[in-house]
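In this note's numbering, the protein residues as written are 5 to 169.
The beta carbon of each residue, even a glycine, is placed where N, CA and C say it ideally should be.
Keep in mind it's a predicted model, so treat the numbers as computed, not measured.
Structure, as structure tokens:
Take a look at the structure:
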């Protein structure tokens, strides 16, 4: 039994519904109606491509130990509408990877510049802290020297206080 809004939840109802939908789409074995989760294999675009003729999700096929291909599998379900689209993974994956990297390259450069600036800022802060520590140490040394100097004038060698002459 579900009574909505009976108790305050740790997430709101819309987030709950979105999470359920996401989980439902991650199930496998329900055909092209759901996206499905990526199970295994080295194909980069597994589960992302659709057939340009019929719209069915392209399947990844491993016909040999080193060969991989994307293919439409409508011929398994319907001989009437079979489209037999099939192509190798290497070319498609490389093309998409190159385009993604080309699109991300300016962002990567910008991120690298920001990282360098942050490191320089941290270095500047650390340098300023060390400079202040050195300044304080010099002050303490000067203060100690003044104190020892006044003590030396006040006491003689035997440790007795000198009388003013």
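query: Just to confirm before moving on: does the CB-CB distance between residue 100 and residue 136 stay below 8 Å?; result: no
query: Should residue 134 go down as buried or exposed, given a rule of 16 or more other Cβ atoms within 10 Å for buried?; result: exposed
query: Is residue 5 close to the ligand MN? I mean its beta-carbon at under 7 Å from any heavy atom of the ligand.; result: Absence of the ligand MN from the depicted structure is noted, as is the absence of any ligand whatsoever, leaving it without description.
query: What are the start and end residues of each continuous alpha helix (DSSP H) run of 4 or more residues lying completely inside the stretch 55-119, in chain order?; result: 78-81
query: Would you say residue 64 and residue 77 are within 8 Å of each other, going by their C-beta atoms?; result: no
query: Quick check: what's the CA-CA separation for residue 25 versus residue 129?; result: 48 Å
query: Helix, strand or coil: which one does DSSP assign to residue 5?; result: coil
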